[in-house]
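Mapping to UniProt numbering: the sequence shown position 2 is 2, numbers consecutive.
Glycine included, C-beta positions come from ideal geometry on N, C-alpha and C.
Just so it is clear, the structure is predicted and the values come from calculations on it, not from any experiment.
Everything on this sheet refers to the single structure shown next.
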Amino acid sequence: GLMKCETEDASDIFKHQQYKQSLLKEDVSSNSDVIIKGEDLWDDKARKILTSDGSKIEDWAKMTSKQQYDTPYGKGEIHFYQNQKTGNINSFDIKLKVSKPKKLRANENDLFWIIDLDVDFNIKGVR
């Protein structure tokens, strides 16, 4: 006969997932280093988006997580833009860079998978 398996309520799983994500977000934002100061950003699109809320570009910085996080593609650092005054993370271009194994590289410039993340660091897609 069929075994009756106890299924977790889908909403419990979702809540747990959300909880894990909030811990991750907390972890990433409190364990990150500035790699580029806002005033040094050369990406015009980034500058426009970051300041669209009326904030100054000097308040922003491009950040990288100090530790690496696991993804289905391997480990990588998370890069994101954070307002240094408010701690706010902008949803623009949050990504995880994962080194590609040599045998999977299309050419010598094809070094990373770029994994796009949403503002809660959930995976949105890979390029």
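{"Query": "C-alpha gap between Asp43 and Asp9, whole angstroms", "Result": "44 Å"}
{"Query": "As assigned by DSSP and simplified to three states, the class of Leu41", "Result": "coil"}
{"Query": "CB-CB length for Leu111 against Lys103, believed under 8 Å", "Result": "In fact, because the Cβ distance is near 13 Å, the residues do not count as touching under 8 Å."}
{"Query": "For Ser52, three-class secondary structure by DSSP", "Result": "coil"}
{"Query": "Coarse secondary structure for residue 198, derived from DSSP in three states", "Result": "As displayed, the chain neither begins before 1 nor continues past 127, which places residue 198 out of reach and without an answer."}
{"Query": "Distance CB(Thr64)-CB(Asp40) smaller than 7 Å", "Result": "no"}
{"Query": "Leu104 - DSSP class collapsed to helix/strand/coil", "Result": "helix"}
{"Query": "Environment of Ile123 [buried if 16+ CB atoms lie within 10 Å]", "Result": "exposed"}
{"Query": "Tyr81 - partner residues in DSSP beta bridges", "Result": "Lys62, Asn90"}
{"Query": "Pairwise C-alpha distance: Arg105 and Asp12", "Result": "40 Å"}
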